[in-house]
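Student: Residue numbers (the working numbering), protein chains in the order written: chain A, 1 to 150; chain H, 151 to 351.
Glycine included, C-beta positions come from ideal geometry on N, C-alpha and C.
Okay, here's the thing in structure tokens:
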């Protein structure tokens, strides 16, 4: 059970990072990156349904597909594999505890991805520390001209 | 560590708070609240999960006002995206219905084809809108048969999602899962409308 959950969490995280890389590094665009990667993974498990346990065969494509949504934003908006990876991890954990009430509703994966993004975004905003580099910039900007000349 | 929102969005101006800007924002916030509250109801007896969920809810509430709002016009042109959303929904639902390869495979297949549409004519602004809208429709079409019994439901959910997509064009840009949230909102709203129609008529 622990190994299966770990594989599921890994697949969600991997989906996010791979989609971000394909979308931004290979310039394929968000939709193509998400769709092609999901098509490959879902196609693999469609062709080889007996390769892994039924739970993994059923859930890996779903979590991977959900993970790719996290990798869809442009690198102009989100530029960092660490942020994308953490969001993918949060999404996988969140999705494994999602309610059965909305099972079968289209867009539930995207909603879980969106909530995970917002959670990671807030954690980042709270824990962000100003770098010393910023202090140097401020010092340079607001220091007297005579001091700068020296 | 500075890896988010590092670039300024194009045409960014200081915007007044108006109903047209607040309404789409609120719509997506309600969708998120609905989704989290359903998990609350499932885990009402487990204190640890409830605490984590409460934190998730707090973080989500805190994040919403911090997200950027863009100012862009061309509202009427964007209405054509509604048709693309319905198209994506119907195609994905048809593949699911007649072939049954699974919702992920069906949505990914339609999404992959849709992503190549702008290459047909790079000057067409309509085709440039198509991939996003069709991909949003794919999520609508991923609904299970027990939720979406016929094409009528997919059509209604697609139109509702398309309208929400047009309304939310200026908000939540660059946020992961925006299209999924919109599709979820559309499907939930359509299910609610169908439920009321069945109960009252």
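Checking 8 Å against the spacing of the C-beta atoms, do residue 15 of chain A and residue 68 of chain A come in under that value?
Tutor: Closer than 8 Å, so yes.
Student: Which ranges does the alpha helix (DSSP H) cover as unbroken runs of at least 4 residues, wholly within the region 237 to 268 of chain H, from first to last along the chain?
Tutor: 253 to 265
Student: Runs of 4 residues minimum, wholly inside the region 63 to 130 of chain A: which ones carry the alpha helix (DSSP H) assignment?
Tutor: You should have 81 to 96 and 108 to 127.
Student: State yes or no: is the C-beta of residue 107 of chain A within less than 8 Å of the C-beta of residue 330 of chain H?
Tutor: yes
Student: Is there a C-beta anywhere in chain H that falls below 8 Å from the one on residue 22 of chain A?
Tutor: no
Student: Starting from the C-beta of residue 315 of chain H, find all residues in its chain whose C-beta is less than 7 Å away, skip the five residues before and the five after it, and write them out in chain order.
Tutor: Hits under 7 Å: 231, 235, 283, 286 and 332.
Student: May I ask you to report which of helix, strand or coil DSSP gives residue 321 of chain H?
Tutor: Residue 321 of chain H falls in the strand class under three-state DSSP.
Student: Helix, strand or coil, according to DSSP, for residue 27 of chain A in the structure here?
Tutor: The answer is coil: DSSP assigns residue 27 of chain A none of H, G, I, E or B.
Student: Would you call the region 54 to 61 of chain A in contact with the region 3 to 12 of chain A, where contact means no fewer than 3 C-beta pairs closer than 8 Å?
Tutor: yes
Student: The alpha helix (DSSP H) with residue 13 of chain A in it runs from where to where?
Tutor: 2 to 20
Student: Please go through the same chain and pick out, in chain order, the residues whose beta-carbon is closer than 7 Å to the beta-carbon of residue 102 of chain A, but skip the five residues on each side of it.
Tutor: Correct list, in chain order: 108.
Student: Check the Cβ-Cβ distances between residue 12 of chain A and every residue of chain H, and say whether any is below 8 Å.
Tutor: no
Student: Quick check: the Cα distance between residue 311 of chain H and residue 270 of chain H, rounded to an integer number of angstroms?
Tutor: Taking the CA atoms as reference points, residue 311 of chain H sits about 26 Å from residue 270 of chain H.
Student: Skipping 5 residues on each side, what residues in its chain have a beta carbon closer than 6 Å to that of residue 308 of chain H?
Tutor: Closer than 6 Å at Cβ, skipping near neighbours: 235, 236, 239, 287 and 290.
Student: Between which residues of its own chain and residue 206 of chain H is the CB-CB distance below 8 Å, once the five residues before and five after are set aside?
Tutor: 186
Student: Check whether the Cβ of residue 44 of chain A lies closer than 8 Å to any Cβ atom in chain H.
Tutor: Under the 8 Å criterion on CB atoms, residue 44 of chain A is classed as non-interfacial with respect to chain H.
Student: Quick one: using the 10 Å Cβ neighbour count with 16 as the cut-off for buried, is residue 105 of chain A buried or exposed?
Tutor: buried
Student: Cβ closer than 7 Å: which chain H residues qualify as neighbours of residue 72 of chain A?
Tutor: 326
Student: Output needed for residue 277 of chain H: all residues of its chain with C-beta closer than 7 Å, excluding positions within five of it in sequence on either side, in chain order.
Tutor: 267, 268, 270 and 271
Student: Just to confirm, is the Cβ distance from residue 112 of chain A to residue 258 of chain H under 8 Å?
Tutor: no
Student: Would you mind telling me which residues of chain A sit closer than 8 Å to residue 206 of chain H, beta carbon to beta carbon, in chain order?
Tutor: Under the 8 Å cutoff, chain A gives 94, 115 and 119.
Student: Quick one: does residue 251 of chain H have its CB under 8 Å from some CB of chain A?
Tutor: yes
Student: How many whole angstroms separate the CB atoms of residue 292 of chain H and residue 242 of chain H, which I take to be in contact at a CB cut-off of 8 Å?
Tutor: Contact annotation, residue 292 of chain H with residue 242 of chain H: C-beta distance approximately 6 Å; criterion of less than 8 Å satisfied.
Student: Of all the options H:191, H:201, H:192 and H:210, which has the alpha carbon lying nearest to the alpha carbon of residue 180 of chain H?
Tutor: Nearest option by C-alpha distance: H:210.
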